[in-house]
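Quick notes on the structure that follows.
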Amino acid sequence: MNRMAFGLAGAIGVGLALTGAARAQVEIAPPSSKETMKMAGPVSETLSHDAKLKLLRQKVKYVFVLFQENRSFDFYFGTYPGADGLYPKSGKVPGFVQPIVNVDGTVGTISPFRIPSSIVDKTGKTVQLYPMDLASVNHAHVPSVKKLHLDAENVAANDRYSVTEEGLELDANGKPNKFPTLARKQMGEVVMGHIDCDMAPFMWRWADRFTLFDHFMDTEIGPSTPNAIAMISGQVGETQWMLHPEEKGVPMLADPYPYWGSKLDPTKEGKQPQVKASSNPSPNLTYATLPLSFMGDAIEKTTAKDRDKAFDLLDVKEDIAKIAGHGVAAVPWGWYQEGYDHEPSDLGAEAKHAGYVVHHNAPQYFGYISNNPDVNAHMHGLGDFFADMKAEALPKGGGAFYVRGGQGNLHGYKPLDPTVSVQDKYSGDDDHPGYSDSQISEALLAEEINAIAASPYWKDSVILIAYDETDGLYDHVRPIIRSADRVGLALHQGPRIPSLLISPYGVAHGVSHEPVEHSSIIKLVDELFGLIPLADLPDEMKGRKIGEAQGLKNMGPADDLVAGVGDMLSGFDDARLTGKKKPLPGSYAMIPAEELPKFPHFGGEGCKALGITPTDWGRPNPLPADFNPRPVDSPGIPADGGWKP
63 MNRMAFGLAG AIGVGLALTG AARAQVEIAP PSSKETMKMA GPVSETLSHD AKLKLLRQKV
123 KYVFVLFQEN RSFDFYFGTY PGADGLYPKS GKVPGFVQPI VNVDGTVGTI SPFRIPSSIV
183 DKTGKTVQLY PMDLASVNHA HVPSVKKLHL DAENVAANDR YSVTEEGLEL DANGKPNKFP
243 TLARKQMGEV VMGHIDCDMA PFMWRWADRF TLFDHFMDTE IGPSTPNAIA MISGQVGETQ
303 WMLHPEEKGV PMLADPYPYW GSKLDPTKEG KQPQVKASSN PSPNLTYATL PLSFMGDAIE
363 KTTAKDRDKA FDLLDVKEDI AKIAGHGVAA VPWGWYQEGY DHEPSDLGAE AKHAGYVVHH
423 NAPQYFGYIS NNPDVNAHMH GLGDFFADMK AEALPKGGGA FYVRGGQGNL HGYKPLDPTV
483 SVQDKYSGDD DHPGYSDSQI SEALLAEEIN AIAASPYWKD SVILIAYDET DGLYDHVRPI
543 IRSADRVGLA LHQGPRIPSL LISPYGVAHG VSHEPVEHSS IIKLVDELFG LIPLADLPDE
603 MKGRKIGEAQ GLKNMGPADD LVAGVGDMLS GFDDARLTGK KKPLPGSYAM IPAEELPKFP
663 HFGGEGCKAL GITPTDWGRP NPLPADFNPR PVDSPGIPAD GGWKP
């Protein structure tokens, strides 16, 4: 771990290595199924950026962000053909071979491996592993920085994932500071595992049919809450830190509950939900977000309804004036999250907030949203999304809509694993390891995409599948370190996460190498709706300048003023925008509804169904002999015989 005097030399070098001057931004993946290849073809990149954006503004009115949890890119797509993956360049992949400490204290090595659906134990019995139910690994800020193993120039070796997950450190001679338990060693193995189209066939089908982004990085090296907040703000509180250096909790490095709904919240009526109200919440967040920008020329009228202007609007006063004078009308928006309000699965009229993960609800952290009845009305439950789609209730002029699952699911789906404790714990649908089932989670995505694709909104839409962070799972691509936290640890940007762009105007069967991150989604929204970039708002500029005066770089949003942050336009096909190619039909995005509850999806043979050969097929799979996908929930060694999943 590098406690750094922050510098950009290494980051610049890494950036050049990633983008590659000779490589096209978007390429067509190797051939797959006949159905996909009918839609695929040469990528048309004839339009200038401005010309392409002008056409997009005419064609795309609705932005849907389907926001999932805690997977690295390599976990899902490390063997996807045509992507920047693990093979065939394994010898050049950072961290491909890294140390792991055995239970006797000896130091071995481990490499990425495919988690199989089953193994044969020493008695000759076939044992199901159920890799769709995976333990959650350490994704706190400090351990996540340790996993990268940054050098003095902030270049990541990516070779301390396993050792850090074991809870260990190696000295200068490579000796561990202690011996791991079996469970800790197995957690050090979990972090290096990945799956493919057999275990995540819906995810691979959308990648196959639309555009997969293989250089989408998370914002903070660390956990869920800051990266959820970054989805709407492009930062994790650097502005508030610069403006109020004495304030604790910014930048946000952990998963505190929001102030709004906590035991400190004085609200009497209309209080935000927290099933177990926190007594030590986050501070009230007071910097700019997209929901502030979405107020448009109605912002002064809207913020006048705030219940505590002095508390909530302290750091956006100049932003409000700037947005008010920009001359852009308010942009409709919504944040739909499972369990936020009454769900169809709730028995009775009272909202149970079952499955609600409050620290995943980014808008709830901001007083000018939560403490303003006119603004917090934009937050809804997951069932409300499907109701609004069915009723065609979204605003006719378009808008931006975020959709999140949770720690349960609305249909009562259960994992395939017959163990009762696993069925009870792993029924979540937001894809977070440790409580979600990856196939239940991709079924939720399919239900959401089907609803959009079958609606009148499809023809005017872009759907973005996005994740918050990696859960601490291994990814080989080196992040570009741009900023540091209060004690000098690397802060922004974090490791690589999955991202897909689905649209009638999208590149079919494409892989985009455009460098993007959460701020890229903000940038796309800014451009589509004519908003002032958050980075260019005066209060955020003030915070950035304070940081620069102290030698702290990039203290603010990254939707402008930060090099190497794209806007995802590479995922749109110029020829579809100009009419030279037909738009992709909604049916092309849909997965038959009857397939959603059939676990495993496509009978566990997704690769065959999709006509895709992962890049590791035909290679040895270095599965550790004592591997266990759930070392705590299902302890023991599956290969030894007698293990219960």
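The numbering used here puts the first residue of the sequence shown at 63, with every later residue one more than the last. Even for Gly, the Cβ is constructed at its ideal location relative to N, Cα and C. Model, not experiment: these values are computed from the prediction.
Can you tell me the Cβ-Cβ gap for residue i and residue j, rounded? I've got them flagged as a contact below 8 Å.
{"i": "G490", "j": "G443", "result": "Actually they do not touch by this definition, with Cβ atoms about 15 Å apart."}
{"i": "D260", "j": "E667", "result": "6 Å"}
{"i": "L315", "j": "P343", "result": "Not confirmed; about 15 Å, so no contact."}
{"i": "G534", "j": "V199", "result": "4 Å"}
{"i": "A516", "j": "G648", "result": "6 Å"}
{"i": "H415", "j": "S286", "result": "About 18 Å separates the two Cβ atoms, so there is no contact after all."}
{"i": "D374", "j": "P600", "result": "Wrong, their Cβ atoms sit about 18 Å apart, outside the cutoff."}
{"i": "A350", "j": "S295", "result": "7 Å"}
{"i": "Y223", "j": "M254", "result": "6 Å"}
{"i": "D377", "j": "T301", "result": "7 Å"}
On the three-state DSSP scale, how would you describe residue i?
{"i": "W705", "result": "coil"}
{"i": "P541", "result": "coil"}
{"i": "W395", "result": "strand"}
{"i": "M603", "result": "helix"}
{"i": "M12", "result": "Given a span of 63 to 707 for the chain in the structure shown, any question on residue 12 remains unanswerable."}
{"i": "E309", "result": "coil"}
{"i": "F129", "result": "strand"}
{"i": "S632", "result": "helix"}
{"i": "A84", "result": "In this predicted model, A84 has a pLDDT of only 49, less than 50, meaning its place in the structure is not dependable enough to derive any value."}
{"i": "E380", "result": "helix"}
{"i": "M279", "result": "strand"}
{"i": "G698", "result": "coil"}
{"i": "A552", "result": "strand"}
{"i": "P691", "result": "coil"}
{"i": "R558", "result": "strand"}
{"i": "A611", "result": "helix"}
{"i": "E331", "result": "coil"}
{"i": "E510", "result": "helix"}
{"i": "V484", "result": "helix"}
{"i": "V337", "result": "coil"}
{"i": "S498", "result": "strand"}
{"i": "V105", "result": "coil"}
{"i": "S110", "result": "coil"}
{"i": "I90", "result": "strand"}
{"i": "G72", "result": "Only weak support is given to the placement of G72: the predicted model assigns it a pLDDT of 33, under 50, and the value that follows is read from those uncertain coordinates. Helix, per DSSP."}
{"i": "V587", "result": "helix"}
{"i": "S517", "result": "coil"}
{"i": "S152", "result": "helix"}
{"i": "L596", "result": "helix"}
{"i": "M265", "result": "helix"}
Could you name the residues that DSSP lists as bridge partners for residue i?
{"i": "T273", "result": "L563 and G572"}
{"i": "H256", "result": "R176"}
{"i": "E504", "result": "Note: E504 sits in no beta bridge, so no partner."}
{"i": "A462", "result": "V125 and W395"}
{"i": "Y529", "result": "Q130"}
{"i": "T171", "result": "P161"}
{"i": "L347", "result": "F428"}
{"i": "M441", "result": "W397"}
{"i": "A316", "result": "For A316, which the question treats as bridged, DSSP gives no partner whatsoever."}
{"i": "A546", "result": "A552"}
{"i": "G490", "result": "S498"}
{"i": "E300", "result": "Note: E300 sits in no beta bridge, so no partner."}
{"i": "S523", "result": "Y124"}
{"i": "M579", "result": "Before going further, note that residue 579 is Glu rather than Met in the sequence given. Partner(s): M279."}
Within this structure, are the beta carbons of residue i and residue j separated by less than 8 Å?
{"i": "H494", "j": "A292", "result": "no"}
{"i": "L274", "j": "A145", "result": "yes"}
{"i": "A508", "j": "V207", "result": "no"}
{"i": "Q130", "j": "I502", "result": "no"}
{"i": "G157", "j": "N164", "result": "no"}
{"i": "F463", "j": "G568", "result": "no"}
{"i": "V390", "j": "D359", "result": "yes"}
{"i": "F447", "j": "Y398", "result": "yes"}
{"i": "L148", "j": "G140", "result": "yes"}
{"i": "Q334", "j": "S432", "result": "yes"}
{"i": "H663", "j": "F264", "result": "yes"}
{"i": "G468", "j": "V419", "result": "yes"}
{"i": "Y529", "j": "I559", "result": "yes"}
{"i": "T481", "j": "P707", "result": "yes"}
Mind listing, in chain order, the continuous beta strand (DSSP E) runs of no fewer than 3 residues lying wholly within the stretch 178-258? 180-182 and 188-190
Please specify which runs of the alpha helix (DSSP H), each continuous and at least 4 residues long, are wholly inside the stretch 384-429, giving them in chain order. none
What residue ranges within the stretch 619-686 form continuous alpha helix (DSSP H) runs of no fewer than 4 residues, ordered along the chain? 636-640, 648-651 and 668-672
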